Amino acid sequence: MNLQMLIGGNHVAGNQSIDVIDPATGQVFASCARGSREDFEDAVTAAAAAFPAWSQSTAEARSALLIRMAEVIEANLESLARTLTSEQGKPIPDAQAEVGGAAYFLRYYAGQTIPVELIEDSEARRIELHRRPLGVVAAIVPWNFPVLTAVNKVGAALLTGNTVVVKPAATTPLATLEIAALWKDLVPAGVVNVVTDNNDLGDALTGHPLVRKVSFTGSTTTGSKVMAAGSASLKRMTLELGGNDSGIVLDDCDPEVVSQQLFNSAFVNNGQVCIALKRLYVHESQYDAVCAKLAEIANAAVVGPGSQQGTQLGPVQNRVQFDKLRALIEETRTEGTIIAGGDSPEGEGYFINPTIVRDIADNARLVTDEQFGPVLPVMRFADIDDVVARANNTSFGLGNSVWSADPARAGAVAARLDSGSVWINKHGDIGPDTPFAGAKMSGVGIEMGMHGLLEFTQAKVMNYAKAARV
Ligand code: NAD
Numbered sequence: 452m453n454l455q456m457l458i459g460g461n462h463v464a465g466n467q468s469i470d471v472i473d474p475a476t477g478q479v480f481a482s483c484a485r486g487s488r489e490d491f492e493d494a495v496t497a498a499a500a501a502f503p504a505w506s507q508s509t510a511e512a513r514s515a516l517l518i519r520m521a522e523v524i525e526a527n528l529e530s531l532a533r534t535l536t537s538e539q540g541k542p543i544p545d546a547q548a549e550v551g552g553a554a555y556f557l558r559y560y561a562g563q564t565i566p567v568e569l570i571e572d573s574e575a576r577r578i579e580l581h582r583r584p585l586g587v588v589a590a591i592v593p594w595n596f597p598v599l600t601a602v603n604k605v606g607a608a609l610l611t612g613n614t615v616v617v618k619p620a621a622t623t624p625l626a627t628l629e630i631a632a633l634w635k636d637l638v639p640a641g642v643v644n645v646v647t648d649n650n651d652l653g654d655a656l657t658g659h660p661l662v663r664k665v666s667f668t669g670s671t672t673t674g675s676k677v678m679a680a681g682s683a684s685l686k687r688m689t690l691e692l693g694g695n696d697s698g699i700v701l702d703d704c705d706p707e708v709v710s711q712q713l714f715n716s717a718f719v720n721n722g723q724v725c726i727a728l729k730r731l732y733v734h735e736s737q738y739d740a741v742c743a744k745l746a747e748i749a750n751a752a753v754v755g756p757g758s759q760q761g762t763q764l765g766p767v768q769n770r771v772q773f774d775k776l777r778a779l780i781e782e783t784r785t786e787g788t789i790i791a792g793g794d795s796p797e798g799e800g801y802f803i804n805p806t807i808v809r810d811i812a813d814n815a816r817l818v819t820d821e822q823f824g825p826v827l828p829v830m831r832f833a834d835i836d837d838v839v840a841r842a843n844n845t846s847f848g849l850g851n852s853v854w855s856a857d858p859a860r861a862g863a864v865a866a867r868l869d870s871g872s873v874w875i876n877k878h879g880d881i882g883p884d885t886p887f888a889g890a891k892m893s894g895v896g897i898e899m900g901m902h903g904l905l906e907f908t909q910a911k912v913m914n915y916a917k918a919a920r921v
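Okay, so the sequence shown: first residue is 452 according to the working numbering, each after it adds one.
Laid out in structure tokens, this is it:
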């Protein structure tokens, strides 16, 4: 079936199509509807038309709908995961976890109640802070976690009484369109719309006067454009952008134990995670041992198609990213020492063997830029003040981690790192109840948790005079 968009409760085929490539083969394996500027306009109009009724629905009705939306995802988990693996590349168990996670996020949102905050209740007055929905939300999604990212934004937008237009990335639209088809007859027409593009129509949402909020996840470069486009109509913005997370391994860690966790933190989803560990600093006393262990783990990792049982690391998601990473690895050959990987397995597809690079300078591009793939630079340090300065010497500020046998000691170092999240003896642990924010150029605003939900609302103060005679 040629998957279609969902606009105003209707399937829309569009006049053009998108050929979707399986990154494990480099070949087109499916196609779906590709939206036009008119389709985007129709979607925003439909969302705006649906807003009055949806924003006045009861909290119970919204929660009940979110539960039903989660249930159909769960009932179709296997087939959605297969589609996700085919278009994104990740191993089937990871795709299942992502799809199941999306349903879990919806269930979390279904259980939340937006509170009325009492500011003052005195003899003279009573002041309450209420939260109103904003209107139409544009949810713009990248290709690394297409399902979870889209569904997270939809759940938060709907619970708070907004309507939404979702735009997946051009290389990963399929599972999102399949979910839209499952929701079509559950969700009131226009409350959720899904439109697709060829990476060329985002501005039709970010510049649209009827869109009141943009919830964007993607690169910092695109995030800046989104902010500029939304400025004329003063849209609310949540921007979850790029990261270059560091991990700092103190001198009391056991390399045999910590290295597997470090590897998992860096190579989860093939390194294509905003909060993957992307720069590793290891105390000089453990440096050689950690490097050797990481190389051993990388050399033993099973790289292959996500659909193949036993695969640990699938292909890189798309050709552009694959070529970028290959060029970065070539550049790195003269700047550091590659001790594992650095090449691709035989055959088709966008595969890169997990690559560990040691003895590389802090100003090498692999260290300063966001690689967003299966390549990890490992640097040595001797002094805590020095490594804190080096970890903070970046315009990114998404996450960092500190690893030590003594959590209090690690916590003291973690407190000095400039990022929205910092993990101690783990990396990248997020969940629907935990606020997630980027510092510096890693983002604007907060997603998830109650703090994230409130960003989908407008604060409204109700101020009653108590003693007044009128
Ligand atoms: P991207 O910025 O290229 O694209 C993201 C989305 O924005 C896509 O849907 C794309 O079509 C759309 N887009 C492109 N140009 C646009 C424009 N001018 N206006 C509006 N929308 C536009 O990012 P990507 O390459 O798909 O994803 C990788 C990046 O996303 C990495 O930098 C990664 O760190 C980041 N990311 C961040 C988080 C986070 O939560 N902080 C999560 C996942 C990914």
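Each residue gets a CB set at the ideal place from its N, CA and C atoms; glycine is no exception. Just so you know, these numbers come straight off a predicted model, no measurement behind them.
For residue i, list the residues DSSP reports as bridge partners.
i	result
W634	DSSP, once it has assigned bridges, lists no residue as partnering W634.
V616	A589 and N644
E579	L569 and M913
V665	A589 and M688
P584	T908
A888	I897
R485	Q467
H462	L457
V853	I699 and I875
M520	Answer by DSSP bridge pairing: none, since M520 is not bridged.
V719	Paired residues: none, contrary to the question.
Y732	I699 and M830
I472	V479
Going along the chain, which residues of its own chain have a beta-carbon closer than 6 Å to the beta-carbon of residue i, five neighbours each way excluded?
i	result
A833	E735
G612	S506 and P584
K865	The sequence as given places Ala at residue 865; Lys does not occur at that position. For A865, where only same-chain residues beyond five positions count, the Cβ hits under 6 Å are V853, V873 and I875.
A655	R488 and F491
V479	D470 and I472
S855	L701, D703 and A861
L690	F667, G674, G894 and V895
W594	A620, T622, T623 and Q768
With respect to 8 Å, is the separation between the Cβ of residue i and the closest non-hydrogen atom of ligand 2 below this value?
i	result
M892	Questions concerning ligand 2 fall outside what the structure shown contains, since the ligands it does hold are ligand 1.
Under 9 Å between the Cβ atoms of residue i and residue j?
i	j	result
R582	V567	yes
L628	V645	yes
L658	A683	The sequence shown places Gly at residue 658, not Leu. For G658 and A683, yes; Cβs fall inside 9 Å.
V665	V588	yes
V829	V754	no
M901	Q539	no
N720	K541	yes
T785	V808	no
E579	I570	yes
R663	G586	yes
G787	P805	no
Q711	I748	yes
Just to confirm my understanding: we take residue i, look at its own chain, exclude 5 residues before and 5 after, and list those with CB closer than 8 Å. What are they?
i	result
S508	G612
V642	A498, A501, W505, L609, T614 and V615
I881	I726, S872, F887 and M899
L928	Since the first residue shown for the chain is 452 and the last is 921, residue 928 is missing from the structure and cannot be characterised.
W634	L457, M520, V523 and V643
T819	N695, D813 and T845
Of all Cβ atoms in chain C, is any one closer than 9 Å to the Cβ of residue i?
i	result
A866	Reference to chain C is not applicable here, since this structure consists of a single protein chain.
Given residue i, which residues of its chain have a CB within under 7 Å of its CB, disregarding the five upstream and five downstream residues?
i	result
Y559	P883 and D884
A575	K917 and A918
P706	Q737, A740, V741 and K744
N466	S487
G693	S670, T671, C725, E821, F847 and S893
N649	I469, R485 and A621
Below 6 Å from a heavy atom of ligand 1 - residues by beta-carbon: I591, V592, P593, W594, N595, K618, A620, A621, N650, G653, D654, T657, T668, G669, S670, T673, K676, V677, E691, L692, G693, G694, C725, E821, F823, L849, G889 and G894
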